[in-house]
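**Q**
Number of protein chains: 2
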Amino acid sequence: MNMIEKKYENIARFAEKGIPIVEKIGVRVLAISERSVELMVPLEGNANHYGVMYAGVIFTLADIAGGALFGASLDYRQYFPTLKEINLKFRRPVLSDLFVSVSLTGETVQRVNDELASAGKADYVMEMELKNATGEVTDRATVTFQARPTPPGLKIFPD
Amino acid sequence: MNMIEKKYENIARFAEKGIPIVEKIGVRVLAISERSVELMVPLEGNANHYGVMYAGVIFTLADIAGGALFGASLDYRQYFPTLKEINLKFRRPVLSDLFVSVSLTGETVQRVNDELASAGKADYVMEMELKNATGEVTDRATVTFQARPTPPGLKIFPD
Numbered sequence: 501m502n503m504i505e506k507k508y509e510n511i512a513r514f515a516e517k518g519i520p521i522v523e524k525i526g527v528r529v530l531a532i533s534e535r536s537v538e539l540m541v542p543l544e545g546n547a548n549h550y551g552v553m554y555a556g557v558i559f560t561l562a563d564i565a566g567g568a569l570f571g572a573s574l575d576y577r578q579y580f581p582t583l584k585e586i587n588l589k590f591r592r593p594v595l596s597d598l599f600v601s602v603s604l605t606g607e608t609v610q611r612v613n614d615e616l617a618s619a620g621k622a623d624y625v626m627e628m629e630l631k632n633a634t635g636e637v638t639d640r641a642t643v644t645f646q647a648r649p650t651p652p653g654l655k656i657f658p659d
Numbered sequence: 501m502n503m504i505e506k507k508y509e510n511i512a513r514f515a516e517k518g519i520p521i522v523e524k525i526g527v528r529v530l531a532i533s534e535r536s537v538e539l540m541v542p543l544e545g546n547a548n549h550y551g552v553m554y555a556g557v558i559f560t561l562a563d564i565a566g567g568a569l570f571g572a573s574l575d576y577r578q579y580f581p582t583l584k585e586i587n588l589k590f591r592r593p594v595l596s597d598l599f600v601s602v603s604l605t606g607e608t609v610q611r612v613n614d615e616l617a618s619a620g621k622a623d624y625v626m627e628m629e630l631k632n633a634t635g636e637v638t639d640r641a642t643v644t645f646q647a648r649p650t651p652p653g654l655k656i657f658p659d
């Protein structure tokens, strides 16, 4: 976590350790900056019965990348994200650690904040390329999140 | 595993224990018969940070249901399945154990076997409704598997 600004340390820690099964899988946040994140998941401990990364682990990397990107882009003290829909295309077997970099444009964040203010919810879509250790795209994910205001009294994220 | 015919016991055991992270999640096979399976995954140990089943666990239930259905429908000594594409729509938060029943028609299995014989591979699609403990549909999955002949010397499934 050496490319993470201090203001995003909580988000990174939460992405890695906030959900017990995700912590067991070992998702790691490599970098967070404004509207941009990079994450990885290790092959070790996550292979299937013939040595290839298990598909559920690939899913988890895409989902948690979306969660971390939410924290890097929107006000997580006021809003929270839910995963609305995901489409995953598995192109090649993953035989190494797996990586993803994903970002949102300033225009998208502005549109989401405008819709949150006017409609009380906002959907946004992230297209992700998941890459192996040599940079080949092994999987493609289309991930739709919905942001909503956090209900009063519900504490979803750490301070 | 009390609704499982003896001929499918290997498949059930493999679905539950064949992939380490799936065993940790605790997917269970409730029933297998010809071209039909029923599986569940417990909420306990699989909740996210605010008590709702983690999406990666929901994914895993759909994927492993597909794997078990392969074993209940096709010759797993000759062929093996890969997950080609999945689409998951998350409709309601899952606050209980989660269940899925899925089957293939005899016509689909015949078509897959014919294509395997003629083309050496065959895709097939499973539409799944995932239901909570009170029978409400919480999630919908469209899961595309590809069956292929097992390469000589590669042992994917137990005898």
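So the protein sequences, as listed, match chains Z and C.
According to my numbering, the first sequence is numbered sequentially starting from 501.
According to my numbering, the second sequence is numbered sequentially starting from 501.
Even for Gly, the Cβ is constructed at its ideal location relative to N, Cα and C.
Everything numeric in this text was worked out from a predicted model, so none of it was measured.
From the DSSP output, in three-state form, read off ASP575 (chain Z) for me.
**A** ASP575 (chain Z): coil per DSSP, three-state reduction.
**Q** Cutting at 6 Å between CB atoms, please list the residues of its own chain near PHE570 (chain C), excluding the five before and the five after it.
**A** Hits under 6 Å: PRO581.
**Q** Using 8 Å as the Cβ pair cut-off and three pairs as the minimum, do the stretch 622-640 of chain Z and the stretch 528-543 of chain C touch?
**A** Flag = no, the stretch 622-640 of chain Z and the stretch 528-543 of chain C do not touch.
**Q** Would you identify the three-state DSSP class for LYS584 (chain C), choosing helix, strand or coil?
**A** Of the three classes helix, strand and coil, the one that applies to LYS584 (chain C) here is strand, per DSSP.
**Q** Helix or strand or just coil, what does DSSP make of ARG528 (chain C)?
**A** Strand, per DSSP.
**Q** Specify, as a first and last residue, the run of the beta strand (DSSP E) that ASP614 (chain Z) falls within.
**A** Counting along the chain, ASP614 (chain Z) falls outside any beta strand (DSSP E), though it belongs to the alpha helix (DSSP H) covering 606-619.
**Q** Hey, how far is the Cα of ASP575 (chain C) from the Cα of VAL522 (chain Z)?
**A** Rounded to the nearest angstrom, the two C-alpha atoms are 34 Å apart.
**Q** In whole angstroms, give me the CA-to-CA distance for ILE511 (chain C) and VAL600 (chain Z).
**A** Going from the Cα of ILE511 (chain C) to the Cα of VAL600 (chain Z) covers about 33 Å.
**Q** Does the stretch 586-603 of chain C come close enough to the stretch 625-632 of chain C that 3 or more CB-CB pairs lie under 8 Å?
**A** Counting Cβ pairs under 8 Å, three or more are found: they touch.
**Q** Using DSSP bridges, identify the partner residues of LEU630 (chain Z).
**A** In the DSSP output, where bridge partners are listed per residue, LEU630 (chain Z) has Z:VAL600 and Z:ASP639.
**Q** Using a beta-carbon distance below 8 Å, is TYR469 (chain Z) in contact with chain C?
**A** Absent from the structure is residue 469 (chain Z), since the part of chain Z shown begins at 501 and ends at 659.
**Q** When you check each C-beta in the stretch 559-589 of chain C against every C-beta of chain Z, which residues fall closer than 8 Å?
**A** From the stretch 559-589 of chain C, only PHE559, THR560, ASP563, THR582, LEU583, LYS584, GLU585, ILE586, ASN587, LEU588 and LYS589 have a Cβ closer than 8 Å to chain Z.
**Q** Can you tell me whether TYR508 (chain C) is helix, strand or coil according to DSSP?
**A** Helix at TYR508 (chain C).
**Q** Under a CB-based cut-off of 8 Å, is LYS621 (chain Z) close to chain C?
**A** No - not a single Cβ of chain C is within 8 Å of the one on LYS621 (chain Z).
**Q** For LEU543 (chain Z), which of helix, strand or coil comes out of DSSP?
**A** LEU543 (chain Z): coil per DSSP, three-state reduction.
**Q** Quick check on the burial criterion: 16 or more other C-beta atoms within 10 angstroms. Buried or exposed for ALA565 (chain C)?
**A** It counts as buried.
**Q** Find the residues of chain Z that neighbour VAL557 (chain C), judging by a C-beta separation of less than 9 Å, and give them in chain order.
**A** Per Cβ cutoff of 9 Å: ILE521 and GLY556.
**Q** At the level of alpha carbons, what is the spacing between GLU505 (chain Z) and VAL557 (chain Z)?
**A** Going from the Cα of GLU505 (chain Z) to the Cα of VAL557 (chain Z) covers about 27 Å.
**Q** Taking 8 Å as the limit between beta carbons, can you name the residues of its chain near ARG640 (chain Z), skipping five residues before and five after?
**A** The residues are LEU588, LYS589, ARG591, GLU627, MET628, GLU629 and LEU630.
**Q** Quick check on DSSP: helix, strand or coil for ARG648 (chain C)?
**A** In this structure, ARG648 (chain C) counts as strand in the three-state DSSP scheme.
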